[in-house]
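> Attaching a single structure in structure tokens format; questions to follow.
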Amino acid sequence: TAHLPSLRSTDVVHVAGDASTVGAVEVLAATTGARCHPILIDAGI
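Just so you know, we're using our numbering here: the sequence shown kicks off at 18 and counts up by one.
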């Protein structure tokens, strides 16, 4: 999340990663009203 720019409500975020990464980005997107499209990656692959 340290590499994300400031989000706006008009932004669309695509995030892929483990549950903690995806969850953190989803929270950041939700706080600004940005749309978020998550893809969970199983760490065991």
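Where a beta carbon is used, it is the ideal one built from N, C-alpha and C, also for glycine.
Report buried or exposed for residue 44, applying the criterion of at least 16 other Cβ atoms within 10 angstroms of its Cβ.
Taking the first residue of the sequence shown as 1, we reach residue 44 at position 27. Residue 44 comes out exposed.
> Cβ atoms of residue 29 and residue 52: under 8 Å apart, would you say?
Sequence index remark: in the sequence shown, residue 52 carries index 35 (1-based). Sequence index remark: in the sequence shown, residue 29 carries index 12 (1-based). Result yes, Cβ atoms of residue 52 and residue 29 sit closer than 8 Å.
> Assuming contact is defined by CB atoms lying nearer than 8 Å, are residue 58 and residue 35 in contact in what I supplied?
As a working mapping, residue 58 is identified with position 41 in the sequence shown. As a working mapping, residue 35 is identified with position 18 in the sequence shown. It is a contact, given that the beta carbons lie within the stated cut-off.
> Counting contacts by CB-CB distance shorter than 8 Å, is residue 30 in contact with chain B?
As a matter of chain content, chain B is missing from the structure shown, which is built from one protein chain.
> Which residue wins for smallest C-alpha separation from residue 60, given the options 39, 49 and 46?
Walking along the sequence shown from the start, residue 60 turns up at place 43. Restricting attention to 39, 49 and 46, the CA atom closest to the CA of residue 60 is found in 39.
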